[in-house]
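Written out below as structure tokens is the structure these notes cover.
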Amino acid sequence: MNSTATAAKPARPVVRRIGSAAVVAAIAAAGLGLGAGTAAAKSAISISVRSGMVVVGRTVQVSATGDSDDFGGTPMQLCVDERIGDGGWQQAHCVTGGWTRLGVRAQHRGELQFRAQLFALVGRQHRVLDRTSDAVTVRVR
Numbered sequence: 003m004n005s006t007a008t009a010a011k012p013a014r015p016v017v018r019r020i021g022s023a024a025v026v027a028a029i030a031a032a033g034l035g036l037g038a039g040t041a042a043a044k045s046a047i048s049i050s051v052r053s054g055m056v057v058v059g060r061t062v063q064v065s066a067t068g069d070s071d072d073f074g075g076t077p078m079q080l081c082v083d084e085r086i087g088d089g090g091w092q093q094a095h096c097v098t099g100g101w102t103r104l105g106v107r108a109q110h111r112g113e114l115q116f117r118a119q120l121f122a123l124v125g126r127q128h129r130v131l132d133r134t135s136d137a138v139t140v141r142v143r
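Structure follows, in structure tokens:
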């Protein structure tokens, strides 16, 4: 009977080791999956105005930032567009790089909207749109 009891004991630690190895392998696989997620390309854009309301004739201060590594080191162009009322979007300002600030004179009562767009500069004259920000609105009184 003693030989049966000693024979059963070695089997249990082997099972525990296999179970521990499975847990370690699962944790390592999860860690690799998380690491792969952080290596993905990143892109971000934002736009803001100093005040949500101005008087006709005053200047609206607009700031925009944008950055992307989706195009593998290709130069980026950040543009700020404006729209008066329900009119179409017009490009107000563009810079090569990821940050700009500008002042826009509010010339009409109503709503003035701004948005930022980020473009990849591919080749000499070709721009590829990466993303567009949400619009911010300024009420002009």
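Taken in order, the sequence shown gives residues 3 to 143; the numbers are from the numbering used here. We put the CB at the ideal spot given by N, CA and C, even for glycine. In this text, all values refer to a predicted model and were calculated from it rather than measured experimentally.
Within-8 Å CB hit, residue i to chain D
| i | result |
| --- | --- |
| I47 | Any reference to chain D falls outside this structure, which holds one protein chain only. |
CB contact flag (residue i, residue j, <8 Å)
| i | j | result |
| --- | --- | --- |
| Q127 | C81 | no |
| G68 | A94 | no |
| I86 | L114 | yes |
| C96 | Q79 | yes |
| V140 | V56 | yes |
| R107 | T61 | yes |
Residue i (DSSP reduced to helix, strand or coil)
| i | result |
| --- | --- |
| D132 | strand |
| Q115 | strand |
| S53 | coil |
| A122 | strand |
| R143 | coil |
| A137 | coil |
| Q127 | coil |
Residue range of the beta strand (DSSP E) that includes residue i
| i | result |
| --- | --- |
| G105 | W101 to R107 |
Reference residue i, options the options, closest by Cα
| i | options | result |
| --- | --- | --- |
| R133 | T139, R141, G90 and F73 | F73 |
| F116 | L123, T61 and W91 | W91 |
| L123 | S48, G75, A137 and G59 | G75 |
| V138 | S65, T61 and S70 | S65 |
| R143 | T102, G59 and K44 | G59 |
For the stretch 58–99, which segments carrying the alpha helix (DSSP H) assignment without a break, of at least 4 residues, lie completely within its bounds, in sequence order? none
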